[in-house]
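Everything on this sheet refers to the single structure shown next.
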Amino acid sequence: MSLIPFGFWAASGAGGGGASYDLLETTTLATSASSVTFSSLDTLAAGYAHLQIRAVIKTDRAGNLDNLIGRLNGDTGSNYSRHYLYGDGSSVGSASSTPVDRMYMGRLPGDRTADSFSPTIIDILDFSSSAKNTTLRTLNGNLDGTDATEIYFTGNAWFDTDPVTSIELYGNSSNLVSGSRFSLYGIKGA
Amino acid sequence: MATPTYDLLESVTLATAASSVTFSSIDQSYGDLILVAEGELNPSANADFGLIFNSSTSGYSMVDMMGNGSATESQSEGNTYADCGTYLYANTGARQIVTVNIMDYAATDKHKSFLARNSSSGTSGRVWAVAGRWANTAAITTVKVEPSSGSLANGMTFNLYGVAK
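Order-wise, the sequence lines are chains A and B.
Numbering-wise (my numbering), the first sequence opens with residue 1 and increments by one.
Numbering-wise (my numbering), the second sequence opens with residue 1001 and increments by one.
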């Protein structure tokens, strides 16, 4: 039985034996930036079946909560969908939007709570396949201490069968602040 | 070049019931910690699966979403520990699996955040997802697992992993 630590659900699996779950690249922002992009995945992540991004994220959006947004291969067309389940401290809800021109992947606290970064784990499945659309799932927490804490479980699809060669992550009309950290891992398949 | 990661740091299997389990002197060279626990609690009431970082009993806030097979619920709370989901007293004898991702635990420039999943089996089973924050910029060097009531049962297992960044 394989115990590859696949995704946040199966991150409860065994240690993965090192060779099955590898750190590919980490970006920790020393200064604010409009976005973070992992690129050249066709070479950087060659030989892996799936990708995982583990991140702690904060933006400088003033006075408002923010959204975590992603795009694949720089595609700005309306070729994405999202479905999500969330808890906001009072109720559990679910909604969807499709087609949309970006992937909404979770929520961020903006600048309202100092030192509060959103924990985020993103799984990108079969990213190098050229035979299927690409699907992603994200578990994310918005830990704003002002008046909103939220947990989001989001599924995204990119309706394109091209292999994923780049992943861009950013906030909504904001900058990612220093200290935000994004680590990309490759997960081996059979 | 790829860097192998996801290393087992410490494993504990309880030979007898215990009030708590503590991982101390945690290696500070990794990016994230993943704690995986499995087994029973011995509660005298509903018991939260609690974590205490660096012996601090202040600054924890959480939000969760829960499903019990017929209803959903979300709560937010502040507490003296990191509440990673509740084990039901009425569900005694069932087992639970808890996975907690503790992000950037060694950083000193941000509050510590975590994502947890908790599934308790049995006739009163529930599943939880939890996001939480410890409002402290100190690096986490110890993690204490302590239920909010009762004890950790004989046979319960705890595995702590480090994930490189």
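Yeah, the Cβ is synthetic: ideal placement off N, Cα and C, and Gly gets one too.
Beta-carbon proximity check, residue i vs residue j, cutoff 8 Å
i	j	result
N140 (chain A)	A148 (chain A)	no
T59 (chain A)	S174 (chain A)	yes
P1147 (chain B)	F1049 (chain B)	yes
R137 (chain A)	T154 (chain A)	yes
H1111 (chain B)	D88 (chain A)	no
N1159 (chain B)	V1036 (chain B)	yes
V56 (chain A)	L176 (chain A)	no
T161 (chain A)	S130 (chain A)	yes
Y1105 (chain B)	D1032 (chain B)	yes
I187 (chain A)	Y21 (chain A)	yes
T1141 (chain B)	S1025 (chain B)	yes
Residue i at chain B interface by Cβ criterion, 8 Å
i	result
G89 (chain A)	yes
L125 (chain A)	no
Y170 (chain A)	no
S2 (chain A)	Only weak support exists for where S2 (chain A) lies, its pLDDT of 35 falling under 50; the coordinates are left without a value.
G7 (chain A)	Unreliable placement is indicated for G7 (chain A), whose pLDDT of 41 sits below 50; no coordinate value is reported for it.
T149 (chain A)	yes
G15 (chain A)	Here the model assigns G15 (chain A) a pLDDT of 39, short of 50, so the residue's position is not dependable and the matter cannot be decided.
I167 (chain A)	no
L29 (chain A)	no
R181 (chain A)	yes
Paired residues, beta bridge with residue i - DSSP
i	result
T236 (chain A)	There is no way to answer for residue 236 (chain A), as the model of chain A reaches only from 1 to 190.
K132 (chain A)	BP columns for K132 (chain A) are empty, so no partner.
Q1096 (chain B)	B:G1039 and B:S1120
I1052 (chain B)	B:K1144
G1078 (chain B)	B:S1061
K1112 (chain B)	B:W1134
T161 (chain A)	Answer by DSSP bridge pairing: none, since T161 (chain A) is not bridged.
A33 (chain A)	A:L176
I57 (chain A)	A:S118
Whole-angstrom C-beta distance between residue j and residue i, which should lie under 8 Å
i	j	result
Y170 (chain A)	L51 (chain A)	With 8 Å as the limit, Y170 (chain A) and L51 (chain A) do not qualify as a contact, their Cβ atoms being about 18 Å apart.
G1163 (chain B)	Y1006 (chain B)	One detail in the question is off: residue 1163 (chain B) reads as Val in this sequence, not Gly. Their Cβ separation, rounded to whole angstroms, is 5 Å, which keeps V1163 (chain B) and Y1006 (chain B) in contact under 8 Å.
N1118 (chain B)	Y1089 (chain B)	So it is not a contact: roughly 15 Å between Cβ atoms.
Y48 (chain A)	R107 (chain A)	In fact, because the Cβ distance is near 28 Å, the residues do not count as touching under 8 Å.
F1114 (chain B)	V1127 (chain B)	In fact, because the Cβ distance is near 17 Å, the residues do not count as touching under 8 Å.
Minimum Cβ-Cβ distance from residue i to chain A less than 8 Å
i	result
F1114 (chain B)	yes
D1048 (chain B)	no
G1122 (chain B)	no
K1144 (chain B)	no
M1065 (chain B)	yes
D1109 (chain B)	yes
N1101 (chain B)	yes
G1039 (chain B)	no
T1137 (chain B)	yes
R1095 (chain B)	no
S1029 (chain B)	no
A1164 (chain B)	yes
S1044 (chain B)	no
D1104 (chain B)	yes
V1082 (chain B)	The displayed chain sequence assigns Ala, not Val, to residue 1082 (chain B). So no, A1082 (chain B) is outside the interface.
V1127 (chain B)	no
A1090 (chain B)	no
S1148 (chain B)	no
Residues from the segment 39–69 of chain A in contact with chain B, defined by Cβ distance under 7 Å
R54 and V56
Can you give me, in chain order, the residues of the segment 90–103 of chain A that have a beta carbon less than 7 Å from any beta carbon in chain B?
S90, S91 and V92
What residues in the segment 1007–1021 of chain B have a beta carbon less than 8 Å from any beta carbon of chain A?
D1007 and L1008
So if I threshold CB-CB distances at 7 Å, which residues from the segment 130–162 of chain A count as touching chain B?
L139, G141, L143, G145, T149, E150, I151 and F153
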